[in-house]
Amino acid sequence: MVMYFGIPPVYPVADVYSLSTDSWKTTNNNLILVDWLFPTAGLFLNGTAFFSGISADREDIILSYDTDKDAMKMISFPDNGCATDGFELKVFRKSVALFMRNFGGCSSNVRILKEGGTNEVCWETI
356 MVMYFGIPPV YPVADVYSLS TDSWKTTNNN LILVDWLFPT AGLFLNGTAF FSGISADRED
416 IILSYDTDKD AMKMISFPDN GCATDGFELK VFRKSVALFM RNFGGCSSNV RILKEGGTNE
476 VCWETI
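In this text, residue positions in the sequence shown follow the numbering used here: the first is 356, and each later residue adds one.
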């Protein structure tokens, strides 16, 4: 999968290559507007790619692309209660996790992404 952009803000585009059909498929999303994605800070879990980024509103986000549903979704970062100066997107306990460092590095926390059946998203603190 390749995701690319133009001059921000832009609508994300995913180009997905299929080994079974030996072809590329392009997916456009004209509902999500982003300024930037960090492709090196992404992960792939259970058929979905996750990339951290910045929305057009200048908020930290995660952009997910479900390869089975051929659908993109923007996920807001959890409210950390204080300024965050760093984070890492990882797989933890077979789920997407956000390891967050608070400003100054004096503390950190881990949030696990939980998705409900109605497409709702929540973050669980561990």
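Just so it is clear, CB atoms sit at the ideal spot from N, CA and C, and this is done for glycine as well.
Keep in mind that this is a model prediction, so the values were computed, not measured.
| Asked | Found |
| --- | --- |
| Thinking C-alpha only, which one of Asp370, Pro394 and Gly441 is nearest serine 378? | Asp370 |
| Quick check on this structure: which residue in Arg413, Leu374, Thr381 and Asn401 has the alpha carbon closest to the alpha carbon of valine 446? | Asn401 |
| Could you check if glycine 441 is buried or exposed, using at least 16 other CB atoms within 10 Å of its CB as the buried criterion? | exposed |
| For phenylalanine 393, does the three-state DSSP call read helix, strand or coil? | strand |
| Evaluate leucine 392 with the Cβ neighbour count: other Cβ atoms within 10 Å of its Cβ, from every protein chain shown; 16 or more gives buried, anything less gives exposed. | buried |
| In chain order, what residues of the same chain have a beta carbon less than 7 Å from the beta carbon of glycine 408, not counting five sequence neighbours either side? | Val389, Trp391, Leu392, Phe393, Ile416 and Leu418 |
| So, helix, strand or coil for alanine 452, using DSSP? | strand |
| Output yes or no for whether 9 Å exceeds the beta carbon distance between alanine 404 and threonine 381. | no |
| Following the continuous beta strand (DSSP E) through asparagine 464, name the residue where it begins and the one where it ends. | 463 to 470 |
| From this set, Val451, Ser462, Val368 and Ile362, which residue's C-alpha is nearest lysine 469's C-alpha? | Val451 |
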